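Some notes on the structure that comes next.
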Amino acid sequence: MSEAPILHSVDNGAHTITLNRPDRLNAFNVAMHDALGAALGRIEADTDARVVLLTGAGRGFCAGQDLSDRDTSKGPLDLSIGPERYYNPLVRRLTSLRLPIVCAVNGVAAGAGVNIALACDIVIAKRSASFSQAFSAIGLVPDSGGTWFLPRLMGQANALAFTLLNERLDATAAQELGLIWKAVDDATFDETVAEVVSKLAAAPTFGLGQAKRLIRNAATLSLDAALDAERDTQKACGRSPDYSEGVRAFKEKRTAQFTGRSE
Ligand code: LHQ
141 MSEAPILHSV DNGAHTITLN RPDRLNAFNV AMHDALGAAL GRIEADTDAR
191 VVLLTGAGRG FCAGQDLSDR DTSKGPLDLS IGPERYYNPL VRRLTSLRLP
241 IVCAVNGVAA GAGVNIALAC DIVIAKRSAS FSQAFSAIGL VPDSGGTWFL
291 PRLMGQANAL AFTLLNERLD ATAAQELGLI WKAVDDATFD ETVAEVVSKL
341 AAAPTFGLGQ AKRLIRNAAT LSLDAALDAE RDTQKACGRS PDYSEGVRAF
391 KEKRTAQFTG RSE
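First residue of the sequence shown: 141, per the numbering used here; consecutive thereafter.
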């Protein structure tokens with residue numbers, strides 16, 4: 141395995157980012173944040189990009205912040221710096237990217253590792269994977285959007301117990317509670333993830349990006365405002381070549397060949 145903290149590959153518009161510090165369960169250090177930021181920059185600039193897959197190398201997905209380089213012996217650390225410089229911009233970039241992001245949780249996810257997965261659009265976990273907020277074990281609060289994502293996804297009662305008790309949820313329970321989309325048996329995990337990614341790589345990307353934006357924004361809108369946003373966005377989608385192609389393909393009873401473009 142290469143020592144680069146992030147592996148990034150592209151295949152037919154499908155970008156794969158692999159967190160690559162397996163001996164630390166892919167915990168984040170500055171080098172990994174910088175490499176991930178650079179990979180996202182390349183994806184944002186790629187006009188042919190259709191989908192992003194985020195996963196981890198080895199037996200873990202991501203154990204959150206790397207605690208091994210934290211020295212608390214010389215007085216208190218300013219823990220607002222990490223969120224301000226790294227985690228908050230990362231969550232904002234993932235949630236606002238105009239492409240679908242699939243997160244394949246290949247193993248244990250803890251702390252910010254969980255919440256970064258939740259910032260992705262479709263979360264698929266190996267049945268053997270687990271999720272823990274971890275923050276409460278070291279006297280911290282959930283960050284990377286955890287306080288926002290958790291109650292919305294699993295309800296306030298579950299969010300509070302999950303956070304305060306710091307229990308490890310297995311992937312099946314995470315699915316049942318609505319935290320993730322799907323838990324998949326380990327034996328079929330890679331195949332399922334590949335099917336989802338290839339379906340999204342051939343989809344009408346502009347429309348998917350707009351749907352993602354509307355659903356994410358709707359969490360803080362009134363129904364009236366959401367209806368207006370849908371109307372305005374439908375106008376833009378209706379002008380896209382993929383809408384015309386989708387309708388033509390439906391009438392001709394064939395598979396649509398989408399470009400993913402807005403015009
Ligand atoms: C690790 C880590 C790790 C370093 C496992 N660091 N080495 C952002 C910025 C600002 C403020 C603070 O907060 C944040 C965000 C955060 O994410 S804070 C929360 C940080 N994460 C944690 O507290 C999780 C700590 N890790 C664990 O609780 C366990 O390791 C989990 C539950 C993830 C996995 O447990 P196991 O499957 O039993 O594995 P393990 O504990 O044996 O870990 C394997 C190796 O990975 C081990 O190294 P070693 O050399 O002994 O084999 C761990 O030391 C290392 N590792 N997490 N975060």
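We put the CB at the ideal spot given by N, CA and C, even for glycine. Everything numeric in this text was worked out from a predicted model, so none of it was measured.
Distance between residue j and residue i (C-alpha atoms, nearest Å)
i	j	result
residue 296	residue 227	23 Å
residue 351	residue 367	13 Å
residue 156	residue 369	31 Å
residue 327	residue 311	14 Å
residue 234	residue 314	21 Å
residue 271	residue 308	5 Å
residue 329	residue 385	32 Å
residue 202	residue 182	22 Å
residue 256	residue 237	14 Å
residue 187	residue 357	24 Å
Where residue i falls, given that 16 or more other Cβ within 10 Å makes a residue buried
i	result
residue 239	buried
residue 246	buried
residue 305	exposed
residue 393	exposed
residue 166	buried
residue 163	exposed
residue 192	buried
residue 382	buried
residue 319	buried
residue 221	exposed
Contact under 8 Å by Cβ, residue i with residue j
i	j	result
residue 244	residue 292	no
residue 294	residue 280	no
residue 242	residue 336	yes
residue 190	residue 251	no
Lining residues of the ligand LHQ - beta-carbon closer than 5 Å to any non-hydrogen atom, in sequence order: That query returns the following residues: 164, 165, 167, 203, 204, 205, 206, 207, 208, 219, 222, 248, 250, 251, 252, 274.
Could I get the ranges of all uninterrupted alpha helix (DSSP H) runs contained in the stretch 185-259, with 4 residues as the minimum, in chain order? Segments of the alpha helix (DSSP H) lying fully in the stretch 185-259: 228-236, 252-258.
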